[in-house]
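Going by the numbering used here, the sequence shown opens with residue -4, and the numbers climb by one from there.
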Amino acid sequence: MKSQSSNVRKALAVSPAQPTMEGAGVRLKRAFGAVDPRLDPFLMLDDFSSRDPADYEAGFPEHPHRGMETVTYIISGQVDHRDSLGNSGTIRSGEVQWMTAGSGIIHAEMPRETWERLCGVQLWVNLPRESKMMTPRYRDIREEDIPVVEPSPGIRVKVIAGTFDGAVGPVKDVVVKILYLDVAMGPNTEFRHDIPGQFNAFAYVVQGDADFGGSTAGRQQLVVLGKGEEVQVRSGEKGARFILAAGQPIGEPVAWRGPVVMNTEGELKEAFREMREGTFVKTDPLR
């Protein structure tokens, strides 16, 4: 670990997730959802956690995506999924759905009402120009396949993507190199982790509160982290749980409308024309 304070990532901004509605009327909180060079390659983070089934039971019926990836992490609860590739199944507590839309996919995500509180987040990751029309793919990641590391007393880290303390996340063939950790901290504990200096990074607090490089953030708050080589987090009196994500910036123009993320307006128009004409899903996409 680095010890020089100049290498520690400071919080550039702390902001609460904002209420919005998506799908067929799902009430959720959006941590971010716009082009921001500080967050490149990440596009959006939605928190669809709720104790009230009325907030989520309408679900996300069939809808298209192109030019990006979605990473859906179910902390508790269940979500049924089906898509135009022929995949179907249920994502359960502790599991992840990693979907690369590529050239185009149509899918549905329908939360189930269970005895558990629904708690989950969905992260959108951009794709670089050369991969936007790649073959779509879908991966279910079971809880037992996600490494869990306890680097020190009171700290528990689930490694969903990237590496932490020698553990490697289960999704290794990612297009854009990213780190995705679920970090749980006991009261008044300290977490440290080195991240490549060129990566952009953020944290999203799921429970409790913690200090991130000099700024405190609580439940359902986003922390945009500045440049540096180390993340330092100190939990509060009740502990904390947060998502830590970092990724290699793509640095390309972004043309984004609804479920389609491309590089130019012309590519967007072509995608929506194909939706109207029924040619959006490709039988032989570029590889």
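Even for Gly, the Cβ is constructed at its ideal location relative to N, Cα and C.
Quick caveat, the model's predicted, so the values are computed rather than measured.
C-beta atoms of residue i and residue j nearer than 9 Å
i	j	result
Ala103	Asp135	no
Phe186	Val226	yes
Ala198	Leu174	no
Gly242	Asn183	no
Arg112	Met257	no
Asp177	Phe237	yes
Gly223	Val3	yes
Val152	Val120	no
Ala96	Met63	yes
C-alpha distance - residue i paired with residue j, whole-angstrom precision
i	j	result
Trp68	Pro123	The question names Trp, but residue 68 is Tyr in the sequence shown. So the alpha carbons of these two residues sit roughly 23 Å apart.
Ala205	Pro56	36 Å
Val154	Glu262	35 Å
Pro59	Tyr51	19 Å
Lys264	Gly221	35 Å
Gly164	Gln202	23 Å
Asp41	Met129	25 Å
Arg268	Phe275	8 Å
Pro254	Pro131	14 Å
Leu281	Val116	Residue confidence is low: Leu281 scores 43 on pLDDT, short of 50, so the model does not pin down where it sits. Its coordinate-derived value is still stated next. For Leu281 and Val116, the distance between alpha carbons rounds to 30 Å.
Leu329	Arg77	The requested residue 329 does not occur in the structure, where the chain is confined to residues -4 to 282.
Sheet register partners of residue i (DSSP bridge)
i	result
Phe37	Val120
Ile69	Glu90 and Gly115
Gly84	His76
Tyr51	Tyr51 pairs with nothing; no bridge assigned.
Glu64	Thr95 and Val120
* Asked: Which ranges would you report for the beta strand (DSSP E) in the stretch 178 to 259 if only whole runs of at least 3 residues count?
  -> 185 to 189, 195 to 207, 210 to 213, 216 to 220, 225 to 242, 250 to 252 and 255 to 257
* Could you tell me which uninterrupted beta strand (DSSP E) segments, each at least 3 residues in length, are contained entirely in the stretch 101 to 155, listed from first to last along the chain? => The stretch 101 to 155 contains these whole beta strand (DSSP E) runs: 114 to 121 and 132 to 136.
* **Inter-stretch contact (C-beta, 8 Å, three-pair minimum) for the stretch 25 to 40 and the stretch 135 to 146** => no
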